[in-house]
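First the structure, in the form of structure tokens, and then the observations on it.
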Amino acid sequence: MREEAGGSQPIGGAPGTRYAMGRVHSVESMGTVDGPGIRFVVFLQGCPMRCLYCHNPDTWDAGPGAGSPTTVEELVERFESNRAYYRTGGVTVTGGEPLLQPEFVADLFAALHARPAGRVHTCLDTCGYAFDPEHPDRWARVLSETDLVLLDIKHADPAGHRRLTGRDPGRILAFGDELARRGIDTVIRHVVVPGYTDSVEECEALGRLIAPWRNVVGLEMLPYHTMGESKYERLGLAYPLAGTEAMDAGRIPELRAAVLRGMRAARGASPARRPS
């Protein structure tokens, strides 16, 4: 169940809080597809990507008035009020793009790890694009407090990536390298879109791309759906993939096998280097 976030304190801190403030779009109290177990899911406001299949365009705006100013204490209190439901899960922060607010996410995850009632599992759902490999220190603390990353790799080919997202994949791959260097458990997510990422060749290339990351513990192939189209209509936006039908879920096992085949081949050929 997703709810709009509350809170009315200004960004930059508030009386009685020792943590960073965040801009939150909404909260889902019973997430089941955002990491292991049942999860408390926090959707942050702001995203630099413009993926053609994005189903949350209302989270794009990162301007000063976007989202609800929210404290770490507020989110922890809401989690604790239903802690019994999350005993096999934890908290996932997604978006938008959570790495646009690394100080807030780091403070939230640190607070959850230090709970008197017991350490809470933390999960970061990200595409990695906000990470700056030239200044990695800004993201060091949030990564040190992250138990699991769901890393969305949009496309294996740079040109295809730009066509699908409007952005270059370099920062994303650098972020993946940083996760591997730190040994943070990572699940790769790949949205399978007809005409964009649904070929065996692209999926094998994805396997070769992620092969050097020995910290990868899972692979999720997500079939494209059209449920976000109505949201674009409500926002008065043109839907970029109008006319594209939902992905045939029956092809997912074949394409997942292609990713794993590409990964095995690359690791067998050169386990220490990413294939070009």
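Numbering-wise, the sequence shown is residues 121 to 396 according to our numbering.
Where a beta carbon is used, it is the ideal one built from N, C-alpha and C, also for glycine.
Does the Cβ of residue i have 16 or more other Cβ atoms within 10 Å, making it buried, or fewer, making it exposed?
i    : result
R159 : buried
H241 : buried
P236 : exposed
D288 : exposed
S264 : exposed
R334 : exposed
R207 : exposed
P218 : buried
T179 : buried
E194 : buried
M141 : buried
L203 : Checking the sequence, you will find Arg at residue 203 rather than Leu. Result: exposed.
V211 : buried
M121 : In this predicted model, M121 has a pLDDT of only 47, less than 50, meaning its place in the structure is not dependable enough to derive any value.
A366 : exposed
Look up residue i in the DSSP assignment and say whether it is helix, strand or coil.
i    : result
M367 : coil
L375 : helix
E340 : strand
L228 : helix
H310 : strand
L268 : strand
D245 : strand
G142 : strand
T346 : coil
T212 : strand
E217 : coil
P222 : helix
W333 : coil
P397 : What the structure shows of the chain is the stretch from 121 to 396, and residue 397 is not part of that stretch, so it cannot be assessed.
G286 : coil
F295 : helix
D399 : With the chain running from 121 to 396 in the structure shown, residue 399 is simply not present.
D252 : coil
A389 : helix
F362 : Looking at the sequence itself, residue 362 is Ala, so the reference to Phe does not match. Coil.
D257 : helix
R235 : coil
V240 : coil
P395 : Caution applies to P395, whose pLDDT of 36 falls short of 50 and renders its modelled position unreliable; the value that the coordinates give is listed next. P395 falls in the coil class under three-state DSSP.
L357 : coil
R381 : helix
G303 : coil
C323 : helix
Determine the closest residue to residue i out of the options, with distance taken between C-alpha atoms.
i    : options                   : result
V312 : C323, R302 and D305       : C323
E278 : P253, L299 and T317       : First, the residue type needs correcting, since residue 278 is Pro and not Glu in the sequence shown. It is T317.
L220 : P256, A182 and G238       : A182
A226 : C243, G216 and G238       : C243
E374 : T214, L164 and S319       : S319
A231 : E321, G209, D257 and V262 : V262
G185 : G370, Y344, Y205 and G166 : G166
H275 : Y205, T152, R328 and M150 : R328
M341 : G151, P253, G388 and D368 : D368
R384 : R239, V336, Y139 and A366 : V336
V213 : H255, V161, R138 and N176 : V161
M347 : Y139, H175 and I308       : H175
P256 : L299, I273 and G280       : L299
Inset, instruction - Just list the beta strand (DSSP E) runs in the region 147–210, keeping only unbroken ones of 3 residues or longer that don't cross its boundaries, in chain order. - result: 159–164 and 188–190
Inset, instruction - Determine contact between the region 303–311 and the region 349–366, defined as no fewer than three beta-carbon pairs at a distance below 8 Å. - result: no
Inset, instruction - Please determine if the region 157–175 and the region 281–299 are in contact, where contact requires at least 3 C-beta pairs separated by less than 8 Å. - result: Judged by Cβ distances under 8 Å, the region 157–175 makes contact with the region 281–299, as three or more pairs qualify.
Legend entry - Contact the region 243–258 vs the region 178–192: 3+ CB pairs below 8 Å: no
Legend entry - Three or more C-beta pairs below 8 Å linking the region 289–299 and the region 139–155: no
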